[in-house]
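Trainee: Just so we're aligned, residue 9 is where the sequence shown starts under this note's numbering, counting upward by one.
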Amino acid sequence: MQSSSDLFPVALMSAEIRGDLTEDVYLLKPNNSSDPSVELAVTRLGLSGQETHRGIPVVLLHGSFSNRRFWFSPKGVGLGAHLARAGFDVWIPEMRGHGLSPRNQRYRHNRVADYARYDLPAIAAFVHEQTGQGAHWLGHSLGGITLAAALGGHYLGDDQVVSAALFGSQISRIYWPLKVPPVEWSGRLLLKRFHHLSGRRLKRGPEDEPIGLALESMRWHGLFGRFGDKERDWWAGLAEVQVPVLAVSAEGDMQDPAWACRKLLDQFASPTREFLCLGPKAGFAEAYGHVEMLISRNAQREIWPLVEHWLRELRLPAGVADASQPAQA
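(1) CB W145 to CB L221, shorter than 8 Å?
(2) Quick one: what's got a C-beta closer than 6 Å to P185's C-beta in the same chain, skipping five residues either side?
(3) Between the C-alpha atoms of G291 and M301, what's the straight-line distance to the nearest angstrom?
(4) Which residue wins for smallest C-alpha separation from T280, given the options A157, V249, G287?
(5) Distance, Cα to Cα, I179 vs G57?
(6) Quick check: what's the CA-CA separation for L198 versus W242?
(7) Let's see if you can read the secondary structure: which residues bound the beta strand (DSSP E) around A295?
(8) Assuming P129 and L164 form a contact by the criterion Cβ under 8 Å, report the distance between their Cβ atoms to the nearest whole angstrom.
(9) Is it the case that the region 199-215 contacts the region 255-275, given that we only count it when at least three CB pairs across the two stretches are under 8 Å?
(10) Here's a check: name, in chain order, each residue in its chain whose Cβ is nearer than 6 Å to the Cβ of A94, leaving out the five neighbours to either side.
(11) Can you say whether H6 is buried or exposed, counting buried as having 16 or more other CB atoms within 10 angstroms of its CB?
(12) Does DSSP put H117 in a helix, a strand or coil?
(13) So which of V170, R270, G142 has the shortest CA-CA distance to L286?
(14) Give every residue of the same chain whose Cβ lies closer than 7 Å to the Cβ of H204, excluding the five residues on either side of it in the sequence, and list them in chain order.
(15) Do you know whose CA, among G88, V256, L15, lies nearest I153's CA?
(16) Curious, which full-length alpha helix (DSSP H) runs of at least 4 residues does the region 138-197 contain?
(17) Nearest-angstrom Cα distance between W228 and G195?
(18) Closer than 6 Å by C-beta to A157: which residues in its own chain qualify, once you throw out the five before and the five after it? Chain order, please.
(19) For H317, which three-state DSSP category applies?
(20) Would D28 pass as a contact of R52 if the rule is Cβ separation under 8 Å?
(21) For the beta strand (DSSP E) that A23 lies in, which residues bound it at each end?
(22) Can you find the residues in the same chain that come closer than 6 Å, C-beta to C-beta, to L284, ignoring five residues on each side of it along the sequence?
(23) In angstroms, rounded to a whole number, what distance separates the CA positions of H298 and A132?
(24) Can you tell me whether M9 is buried or exposed? The criterion is at least 16 other CB atoms within 10 Å of its CB, across all chains shown.
(25) Assuming G160 contacts G245 (C-beta within less than 8 Å), just tell me the rounded distance between them.
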């Protein structure tokens, strides 16, 4: 079968028309890591009849325990579908073992370090090849953390990233028990007994997560932990990143508090940095939660137009309140 790319093997898994939208699903086999079995599904959304007049590319990264359906439902509802109808060229990758991406041989060892160093650069290269231009990137939760890691590690080039938007993403929240070495060691020994964490059993989402992610997070939050891997300090690297950045938190998000989301934003050196905390204090209809900030009726009415405005103007609309909170440890 002929590849859809000159970069590495890419198969077109399906090409469907879903109402007013086109849905093309590609399967990428980058062969750029120590695990040659890695394959990544990437869905491209566009308007039916406009295939030769694609707009500005936007890459949407899902969070943990999730997949492409976070961005658009089978009925064509979601931020991804909204942006496609607004004329954007929407690309939705699924991380290793999520959705249409098959589980790789070393699935249980998958980490953000692998996503950031190998997978996102491959996705960026493919999108750039297909569109001829850099893309806006938007990540929710773990998707935003992965995007920050790729930027801080300098794995993504300036020609590949026009802007970055981070929704409910942070790595500064302190888990005090993990600062006690015996507690961390015991936790790691316990987790190593498992292959993965079940999203359905934990009531966190439709997908599983490899245990490697949990072990990596424990290392970040340990006594001498840092946001990075053995080779690079991603946190320090963010101080050299110049791309425009939007960080969004939510008043009702108990998982990723506003101050921690703001602290991640403040680490960027970007001249254009905007922060927004979604809730009544900023004039929004509700104190949005971690998921509701992007998936809810109010989000469809209030938040999706703000995202569209950011992607077009690289700034928030005039009059939108900055409900930021000062960064603190």
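Note that CB positions come from ideal geometry on N, CA and C, so glycine has one too.
Mentor: In brief:
(1) In this structure, L221 does not lie closer than 8 Å to W145 by Cβ.
(2) Closer than 6 Å at Cβ, skipping near neighbours: V191.
(3) Computed Cα separation, rounded: 14 Å.
(4) Nearest C-alpha to T280: V249.
(5) Distance between the alpha carbons of I179 and G57 is about 42 Å.
(6) Straight-line Cα distance between these residues: approximately 27 Å.
(7) No beta strand (DSSP E) holds A295; DSSP gives it neither H nor E.
(8) Contact between P129 and L164 holds: CB atoms are separated by about 6 Å, below the 8 Å threshold.
(9) With a cut-off of 8 Å, the region 199-215 and the region 255-275 do not count as touching, because too few Cβ pairs lie within range.
(10) When the five nearest sequence neighbours on each side are left out, the beta carbons in the same chain lying within less than 6 Å of the beta carbon of A94 are those of E316, in order along the chain.
(11) The chain is shown only over 9 to 337; residue 6 falls outside these bounds and no answer can be derived.
(12) Three-state result, H117: helix.
(13) With distances taken between Cα atoms, L286 lies closest to R270.
(14) Result list for H204: R116, D216, E217, P218, I219, in chain order.
(15) When C-alpha distances from I153 are compared across G88, V256, L15, the shortest belongs to V256.
(16) Runs found: 150-160.
(17) Cα-Cα distance, rounded: 14 Å.
(18) Counting only residues of its own chain and dropping the five nearest sequence neighbours on each side, A157 has a CB closer than 6 Å to the CB of V120, A124, W242.
(19) H317: helix per DSSP, three-state reduction.
(20) For the 8 Å CB-CB criterion, D28 and R52 do not form a contact.
(21) Secondary structure note for A23: its beta strand (DSSP E) is the uninterrupted segment 18-26.
(22) Hits under 6 Å: V256.
(23) Using only the alpha carbons, I get a separation of about 26 Å.
(24) Any reading at M9 must be qualified, since the residue scores a pLDDT of 48, below 50, and its modelled position is unreliable; the value itself is stated next. Label assigned to M9: exposed.
(25) Contact holds; Cβ gap of about 4 Å.
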